[in-house]
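Enquirer:
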Amino acid sequence: MTVLIAGAGIAGLSLALTCDQIGVPFRLFESVRDIKPLGVGINLQPNAVRELEDLGLANALLNTGVQTRAFGLYTKYGQEIWTEPRGKAAGYRWPQYSVHRGQLQQLLYQTLLDRAGDDCVETGWRATGFTHQKNQIELQLCSTRDNAERTEIGAVLVGADGIHSAIRQQLEPDEGPPEWGGAVLWRGTSLSEPFLNDASMVMIGNATQRAVVYPITPPHPTTGLVTINWIAELTYDTDAHWNREDWNRKARLQDFLPQFENWRYDWLDIPELVRAAQTVYEYPMVDRTPIERWTEGAVTMMGDAAHPSYPVGSNGASQAIVDARVLGKMFLQAGVGQAALTAYEAELLPITRKMTLANRSSGPDAVLQLIEDRCDGRFDRLEDVASHQELAEHASAYKRTAGFAIETLNAQARLIPENAQCIC
């Protein structure tokens, strides 16, 4: 009853660790030959941290990132609109973490190898498609070393192979490429002194020009400096010429920094932060329109393969981890087969559909444009522009949509009961 997993990103590794935890045989295939700590910063919401702690990673997380304590929204002039506590400071039973994506992936990868053995992950093999067989599934693989081809047989196949998923392409052959809504992100990490406090995340600006800034390391014991992850975003007309298919290329500062030159505040200097980065990457912000199904027979998808969305809600990686745990729950309840995949899709597809569509309309930071529209981002008294009640409702609405409202999450039973083992 082997689970075949295509893709060893955060989604696939989380599922493999879950399978190992509940005694489900699995095989994990990854296209890259060497899994290295690539990427920049991401956030792990309390709903995902809960699942990682249930996987026994609580102590490791403490040494991997920063427990985010506050989240703030600011106008382009640096005026505070809204600040709220995050993680345990907000009343969750679990913290929120800001981490380097590559370091999180390495943590999951090394933990998996330690627990399940070095041969549980095969790198250098790209999933190209699948074939339904009687009571099983055949995964087609191609070597990224020499283009050799092979197949693997399993009870189910889970596509965790990202936004360009070959599994999704076979399920949705007429879908086409990812959709670009006009926004481009420039991302980097820089050493700097802490701002506000050493565990704050901020969003600044409006719907067409904004910055996101947060630390991903604690202060260095000698220098006091932290590694700060920053994002600068500009929106263009969707008919504009842009290289939409290359979303991980090194960027030129002149393409975006001039528009942010005046974003200097007494508590944060955006241009200085950008110039301090060794490397800056450019990402056209893309997603896919939610589809009606993730599952066909013994095949399903998870993470960005299933529900790629704009990275404005700080929950892409979090939802991938939750996907893995819900699928593990269904394996426990229904066994490793089509019934578990169908139940998993029924639980999560409606939630992620709402989340993807909410992110298209700016997600939790829609308040930035609200204030921009009402006063061009300048005010003497915020209450003359928006009431505390209105701002609080905006903040809580997205948490409900994304599935991490405080009271709901705190009261939720464990997805994977302690010491649970699948009867496969």
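With the working numbering as the guide, the letters of the sequence shown map in order to residues -18 to 405. Each residue gets a CB set at the ideal place from its N, CA and C atoms; glycine is no exception.
1) Residue range of the beta strand (DSSP E) that Q60 falls in?
2) Between the region 245 to 255 and the region 123 to 139, do three or more beta carbon pairs fall short of 8 Å?
3) Is the CB-CB distance between Y195 and N391 below 8 Å?
4) Among the candidates T104, A320, A401, N187, whose CA atom is the shortest distance from the CA of Y55?
5) Using a Cβ-Cβ cut-off of 6 Å (strictly less than) and excluding sequence neighbours within five positions of L(-2), which residues of its own chain qualify?
6) In chain order, what residues of the same chain have a beta carbon less than 6 Å from the beta carbon of T333, not counting five sequence neighbours either side?
7) Cβ atoms of L329 and P271: under 8 Å apart, would you say?
8) Mind pulling the alpha helix (DSSP H) runs of 4 or more residues that sit fully within the region 75 to 144?
9) Quick check: the Cα distance between G163 and M266, rounded to an integer number of angstroms?
10) Can you tell me whether DSSP reads S299 as helix, strand or coil?
11) How many whole angstroms separate the CB atoms of Q132 and Q121, which I take to be in contact at a CB cut-off of 8 Å?
12) Go ahead and label T112 buried or exposed: buried means 16 or more other beta carbons lie within 10 angstroms of its beta carbon, across all protein chains shown.
13) Can you tell me whether K380 is buried or exposed, with buried defined as 16 or more other CB within 10 angstroms of its CB?
14) Contact check, V21 vs R67 under 8 Å by CB: the rounded distance?
15) Could you give the distance in angstroms between the alpha-carbon of V(-16) and the alpha-carbon of W167?
16) What is the rounded straight-line gap between the Cα of R306 and the Cα of Q300?
17) Mind checking whether the beta-carbon of L349 lies closer than 7 Å to any heavy atom of the ligand HEM?
18) Closest to L152 by CA distance: which of M282, I(-9), V165, T323 is it?
19) So, are the CB atoms of D285 and G143 less than 8 Å apart?
Expert: In short, the structure shows the following:
1) Q60 -> no beta strand (DSSP E), and no H or E assigned at all.
2) no
3) no
4) Cα-wise, what sits closest to Y55 is N187.
5) L36, L93
6) H288
7) no
8) 82 to 97
9) 7 Å
10) helix
11) Inspection of the sequence shows that residue 132 is occupied by Thr rather than by Gln. Cβ-Cβ separation between T132 and Q121: approximately 6 Å, consistent with a contact (criterion under 8 Å).
12) exposed
13) buried
14) Wrong, their Cβ atoms sit about 19 Å apart, outside the cutoff.
15) Distance between V(-16) and W167, taken at the CA atoms: about 37 Å.
16) 10 Å
17) As for the ligand HEM, it is missing from this structure, which has no ligand bound.
18) M282
19) yes
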